[in-house]
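**Student:** Input: one structure, supplied below.
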Amino acid sequence: MQRPLTGAVRWLLLSDLHFKHQDLDRIWQTAQWIASEAKRNQVQRVVICGDLLTSRTMQSTHVLSACYRFISLLSDIVPRVHVLLGNHDLAYRRDYQTTALDALNINRLAPYVSLHSSIARLEWDGRSVLLLPFREEQDELTEAVASLGPSEASKTVVFAHLAINKAITQRYVVNTNVNKPHAASSITHRGLTGPDRFASLARTFTGHFHSHQIIVQKQTRHKSPVDMRGSITYLGSPLQLNWADLNDEQRGVVLFNPETLEYEFLINPYAVNYITADIRRLLDGQIDKGAIEGKHVMLLGELTHHNYVTARENLLSLGVRSVRDWAPVAFTLRAGFGASVPASDAAVQLSEEPAKNETGEGITTDAVLDSDIESDQGAEKLDFAGEIRKYVESLDLDKSLLRRQDELTWVGQRIIHASREMADQDKKADVSYQDFLDRSTRFTDTKTATEPSTDVFVAEPRRLTITNFLGVQTTTTIDFEQNLPRGLTFLVGKNGSGKSTLVEAMVWCQFGSCVRSGLKVDEVVNDHVGKNCSVVLEFANGYTIARYRKHKNFGNRIVVSLHGEPQPQFEHPLNRTTQEAINDLLGTDYKTYVKTVVLSQESAASFLNSTSKERSIFIEASLGLSILDQCSEVSKLPLQDINSDVNKLEMKLDGLIQKKGYIEDQIEVLNQTRKRLIKEAEKVVTSLSTATQKHTDSISRINELGLADEGYARNKDEQSMAGTNPADCGQHIMVGGRRAQGFPKLNQPAGLNMNFDDEISLLQDQIYSERGNMNRMEKSLAQIRKQKIAKPASWLGQLKEQTTQRLKATTAAHPVGVHKILHAAKISILYFQLIAIGGLLLIA
Numbered sequence: 001m002q003r004p005l006t007g008a009v010r011w012l013l014l015s016d017l018h019f020k021h022q023d024l025d026r027i028w029q030t031a032q033w034i035a036s037e038a039k040r041n042q043v044q045r046v047v048i049c050g051d052l053l054t055s056r057t058m059q060s061t062h063v064l065s066a067c068y069r070f071i072s073l074l075s076d077i078v079p080r081v082h083v084l085l086g087n088h089d090l091a092y093r094r095d096y097q098t099t100a101l102d103a104l105n106i107n108r109l110a111p112y113v114s115l116h117s118s119i120a121r122l123e124w125d126g127r128s129v130l131l132l133p134f135r136e137e138q139d140e141l142t143e144a145v146a147s148l149g150p151s152e153a154s155k156t157v158v159f160a161h162l163a164i165n166k167a168i169t170q171r172y173v174v175n176t177n178v179n180k181p182h183a184a185s186s187i188t189h190r191g192l193t194g195p196d197r198f199a200s201l202a203r204t205f206t207g208h209f210h211s212h213q214i215i216v217q218k219q220t221r222h223k224s225p226v227d228m229r230g231s232i233t234y235l236g237s238p239l240q241l242n243w244a245d246l247n248d249e250q251r252g253v254v255l256f257n258p259e260t261l262e263y264e265f266l267i268n269p270y271a272v273n274y275i276t277a278d279i280r281r282l283l284d285g286q287i288d289k290g291a292i293e294g295k296h297v298m299l300l301g302e303l304t305h306h307n308y309v310t311a312r313e314n315l316l317s318l319g320v321r322s323v324r325d326w327a328p329v330a331f332t333l334r335a336g337f338g339a340s341v342p343a344s345d346a347a348v349q350l351s352e353e354p355a356k357n358e359t360g361e362g363i364t365t366d367a368v369l370d371s372d373i374e375s376d377q378g379a380e381k382l383d384f385a386g387e388i389r390k391y392v393e394s395l396d397l398d399k400s401l402l403r404r405q406d407e408l409t410w411v412g413q414r415i416i417h418a419s420r421e422m423a424d425q426d427k428k429a430d431v432s433y434q435d436f437l438d439r440s441t442r443f444t445d446t447k448t449a450t451e452p453s454t455d456v457f458v459a460e461p462r463r464l465t466i467t468n469f470l471g472v473q474t475t476t477t478i479d480f481e482q483n484l485p486r487g488l489t490f491l492v493g494k495n496g497s498g499k500s501t502l503v504e505a506m507v508w509c510q511f512g513s514c515v516r517s518g519l520k521v522d523e524v525v526n527d528h529v530g531k532n533c534s535v536v537l538e539f540a541n542g543y544t545i546a547r548y549r550k551h552k553n554f555g556n557r558i559v560v561s562l563h564g565e566p567q568p569q570f571e572h573p574l575n576r577t578t579q580e581a582i583n584d585l586l587g588t589d590y591k592t593y594v595k596t597v598v599l600s601q602e603s604a605a606s607f608l609n610s611t612s613k614e615r616s617i618f619i620e621a622s623l624g625l626s627i628l629d630q631c632s633e634v635s636k637l638p639l640q641d642i643n644s645d646v647n648k649l650e651m652k653l654d655g656l657i658q659k660k661g662y663i664e665d666q667i668e669v670l671n672q673t674r675k676r677l678i679k680e681a682e683k684v685v686t687s688l689s690t691a692t693q694k695h696t697d698s699i700s701r702i703n704e705l706g707l708a709d710e711g712y713a714r715n716k717d718e719q720s721m722a723g724t725n726p727a728d729c730g731q732h733i734m735v736g737g738r739r740a741q742g743f744p745k746l747n748q749p750a751g752l753n754m755n756f757d758d759e760i761s762l763l764q765d766q767i768y769s770e771r772g773n774m775n776r777m778e779k780s781l782a783q784i785r786k787q788k789i790a791k792p793a794s795w796l797g798q799l800k801e802q803t804t805q806r807l808k809a810t811t812a813a814h815p816v817g818v819h820k821i822l823h824a825a826k827i828s829i830l831y832f833q834l835i836a837i838g839g840l841l842l843i844a
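The opening residue of the sequence shown carries number 1 in UniProt numbering; numbering runs sequentially from there.
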């Protein structure tokens, strides 16, 4: 419950002041009020919970200067000033160290002024505090809260910049043709961070959403007193900043007692700046000038183009700051909060569909959202979603696309959203055709609640002062209210009397160029005077543009002022950039102005002389149809990506086709090799079959040729004792045969017997040597038997049979004398020969 605070320690809490160029004078007025309240209540600390600035990157010098003066003013009054980082204070998203506040050089004011960009636990004036600056991923913030113990958390006060689920982002919604707003259709934030994450804390004060509100934790009992423990208080913006704040007038700052946890909400008397006015009452003269002077006004009621223009002129004459633009056709597309939504919550935002009035059926609410792109009251709605569906249904689609009509409608809606984003950012939207087809992603507008609205600069002239310009010498002043009454006015005079000088002066003052062609920059100065040329044009909305040429005090400057106060942000080092800034203020440029506003006899660039394409551009801009061109541009962007992807796929396909051809050639070669190997294998199989058959026949013949006699058995026993190679054995047998042929005959002389005895000794030595060879041969035969089955050879069998018969015949003989010795040698030779033949039979 709010009540006047007691106690010695007091803190002043605020957020979302949003210093910016638009309405800077009102923001400074509120800043001075905040400083006066801090002084009046003798506060010990000021805590700013984020968003001192508005623009993330480019900051105007005069805006930074005003913000710095505010911080300096507070530091002169309050001992300690704490500034938390908000999302609009960031220079770049997710970069929490490089901030837009760095230009203020706050660090040099430490410890009196502190900028907090990191999560921190501190103790101020005996109270534990937890600082939670803005984070795109809010899990980091909730984890810091969860890390506190229950006892510590219950004594901790949190200052943060949070997006809490179900927090009010727009309190009031103005219904079509209804003057009285209601809160039944208040817009709330949908996010993943609920208030229960902060239930363990003593209090939480946060910035971010501009509507002041208190979110209490769920009560355990009904009808029990409200328990403020764990409550979350949105400080809100101390003043209305845009049309989303319309009718939400309870704005200010919070005076907090850290000892008792009580607080008081101080109402800002300068908070209201956006109001509505009934067009019928206005046209009937029933509007109080004091209630609307210096305000932004939205017209409600039955609007037509005629009564809107008439009412707008009446309002401007009463000194309003601006009149909200109205067009006969507007769009029902709803803009989201864009950058105001943390990245962790972007995926769960509500789809952007027209809201329904909860108090009645069929009434569409026209929510005044922060993007200022929504339709104005009384405008006929053009529902793009419905039009897109009608268009898709009217197409002659083939069967494959008939089943995808919903998807085509979805893609059309996504194109509209991307078009609006491109228009808001004045650059190409970063879109991809995958995004158009993926329903899990969504476009979020980047325009935020504090960026300039689409208010039209109503250039109604009030006073024109011409000095030494063209044919005008000295100074001539024209008061449009007194000298030129409303209606059609004719300027009549002779040629060269200066009728067109009035129009030339207005055009030159605003754009630095004349309607007539061929004039150089210095030729606008009066020929007789030759210096001190100036034209000053005052508008009904408080703006004044003064352009000088060869002036003794101002040189060639261009000065823009608002309500008599110079606006240095429009003056740049180069005339070109200065003129671009003025064009942005006026909402038009020289070419458009001379083709749509000024139609002169000398004008070579009038609307009537424009090309068909140029006239089409001007008409589309006047009727607000430029979004169709933007849709066309956005629809071309995915085509570029598709063509690029198609080219990449075609190149990849060509590579795969070449690789496929190479693989097919390799397969053909392998098939030929396979066929050749199959033929060779068939030959090998045939040869193997033949060899196997021969092997079988050889085994059979070996069995048939087996020796059953004693000689064969003895041969086999002797054979087991041999170990030499059969080929070597054969050689030895041949050598022995040759030596046997050299034995002397019996009828030779006795003198030769000694030689014969020597030969017998040699023959005996040879026999012993051959026995050693037989042992070695036996070992070799044993190994050969394991490796190969003996194959009988027909000629070896015959030779063996012949040798066996000879051995039998020789053994049967019984010679005497010296023939007995030769007989024994012959038997040995035949025996060795038989053994060798047997070995060969085993090997064959």
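Cβ atoms here follow ideal geometry from the backbone N, Cα and C, with glycine treated the same way.
Predicted model only: the values in this text are computed from it and were never measured.
1) Just tell me which of A825, H21, E778 has its CA closest to the CA of I835.
2) Look up G50 in the DSSP assignment and say whether it is helix, strand or coil.
3) Write down the C-beta distance between L14 and L235 rounded to the nearest angstrom, noting that I regard them as a contact closer than 8 Å.
4) Just to check my reading of the structure: P258 and V9 have Cβ atoms closer than 8 Å, yes? What is that Cβ distance to the nearest angstrom?
5) Taking the alpha-carbon positions, what's the I837 to T692 distance?
6) Please look up how many angstroms separate the CB atoms of R547 and C509, rounded, as I've assumed it's under 8 Å.
7) Let me know the secondary structure DSSP gives C631 once reduced to three states.
8) Can you list, in chain order, the residues of its chain whose CB lies under 6 Å from that of G498, leaving out five sequence neighbours each side?
9) Tell me, please, whether the stretch 263-278 touches the stretch 288-300 by the rule of three or more beta-carbon pairs shorter than 8 Å.
10) Could you compute how far the alpha carbon of V272 sits from the alpha carbon of L132?
11) Under a three-way DSSP split, which group does W11 fall into?
12) Cα separation between V646 and E140?
13) Can you list, in chain order, the residues of its chain with a C-beta nearer than 6 Å to that of I478? Leave out the 5 residues immediately preceding and following it.
14) Measuring CA to CA, which of R516, L255, I617, A540 is closest to L318?
15) Pull up the distance between the alpha-carbon of I678 and that of K648, whole angstroms please.
16) Who are the Cβ neighbours of R281 in its own chain at under 7 Å, not counting the five residues just before and after it?
17) Assuming H21 and L53 make a contact with CB atoms under 8 Å, what is their CB distance in whole Å?
18) Can you confirm whether the stretch 24-42 touches the stretch 242-250 when touching is taken to mean that 3 or more C-beta pairs between the two stretches lie within less than 8 Å?
19) Kindly give me the distance between the Cβ atoms of S231 and I215, rounded to whole angstroms, as I take these residues to be in contact under 8 Å.
20) Output yes or no for whether 8 Å exceeds the beta carbon distance between V458 and A505.
21) Considering only C-alpha positions, which residue in the set L574, G207, D23 is nearest to L241?
22) What's the C-alpha gap between T673 and E650?
23) Who are the Cβ neighbours of G294 in its own chain at under 6 Å, not counting the five residues just before and after it?
24) Among all the DSSP beta bridges, which residues are the ones paired with A120?
25) Under 8 Å between the Cβ atoms of V78 and V47?
26) Can you say whether E565 is buried or exposed, counting buried as having 16 or more other CB atoms within 10 angstroms of its CB?
27) How close, in whole Å, do the beta carbons of G86 and H161 come, if the pair is a contact with beta carbons under 8 Å?
28) Distance check for P485 and E37, CA to CA, integer angstroms please.
29) Rounded to the nearest angstrom, how far is the Cβ of G149 from that of D16, given a contact under 8 Å?
30) Rounded to whole angstroms, what's the CA-CA distance from G386 to L628? Just pull it up for me.
31) What residues in its chain sit with their C-beta under 6 Å from that of L130, if we drop five residues either side in the sequence?
32) Leaving out the 5 sequence neighbours to the left and right, which residues in its chain are closer than 8 Å to H551 when beta-carbon positions are compared?
33) Going by beta-carbon coordinates alone, are E460 and L316 separated by less than 8 Å?
34) Starting from H161, follow its DSSP beta bridges and name the residues at the other end.
35) What are the start and end residues of the alpha helix (DSSP H) that includes S561?
36) So, using beta-carbon positions, are L261 and L12 closer together than 8 Å?
**Tutor:** So, from the listed chains and residues:
1) Cα-wise, what sits closest to I835 is E778.
2) Coil at G50, not helix or strand.
3) With a Cβ gap of about 6 Å, L14 and L235 count as contacting.
4) Contact between P258 and V9 is confirmed by a C-beta separation of about 6 Å, below the 8 Å threshold.
5) Using only the alpha carbons, I get a separation of about 24 Å.
6) So it is a contact: roughly 5 Å between Cβ atoms.
7) Helix at C631.
8) Listed in chain order, the non-local C-beta contacts of G498 below 6 Å within the same chain comprise G471, local neighbours out to five positions each way being set aside.
9) Taking 8 Å as the limit for Cβ pairs, the verdict is that the stretch 288-300 does touch the stretch 263-278.
10) A direct Cα-to-Cα measurement between V272 and L132 gives close to 30 Å.
11) In the structure shown, W11 adopts extended strand secondary structure according to DSSP, grouped into three states.
12) For the pair V646 and E140, the Cα-to-Cα distance works out to about 42 Å.
13) Beyond the five residues adjoining it in sequence on each side, I478 comes within less than 6 Å, by CB distance, of L464 in the same chain, given in chain order.
14) Ranking the options by Cα distance to L318, first place goes to A540.
15) Cα-Cα distance, rounded: 44 Å.
16) Apart from sequence neighbours up to five positions away, the residues of its chain that approach R281 with a beta-carbon distance below 7 Å are I287, ordered along the chain.
17) About 11 Å separates the two Cβ atoms, so there is no contact after all.
18) Flag = no, the stretch 242-250 and the stretch 24-42 do not touch.
19) The pair is a contact, with the Cβ atoms about 7 Å apart (cut-off 8 Å).
20) The answer is no: Cβ separation not under 8 Å.
21) The option with the nearest alpha carbon to L241 is D23.
22) When rounded, the distance between both Cα atoms is 34 Å.
23) R321.
24) Per DSSP, L131.
25) Cβ atoms of V78 and V47: not closer than 8 Å.
26) In summary, E565 is exposed, with fewer than 16 beta-carbon neighbours lying within 10 Å of its beta-carbon over all protein chains present.
27) Indeed they touch by this definition, with Cβ atoms about 5 Å apart.
28) For E37 and P485, the distance between alpha carbons rounds to 47 Å.
29) Contact between G149 and D16 does not hold, since the beta-carbon distance rounds to 32 Å and is not under 8 Å.
30) When rounded, the distance between both Cα atoms is 16 Å.
31) Here the set comprises R121, T156, V158.
32) Contacts found: K531, N532, C533, S534, R557.
33) Contact: yes.
34) H161 is bridged by DSSP to G207.
35) In this chain, S561 is not harboured by any alpha helix (DSSP H); it is covered by the beta strand (DSSP E) spanning 558-562.
36) Contact: no.
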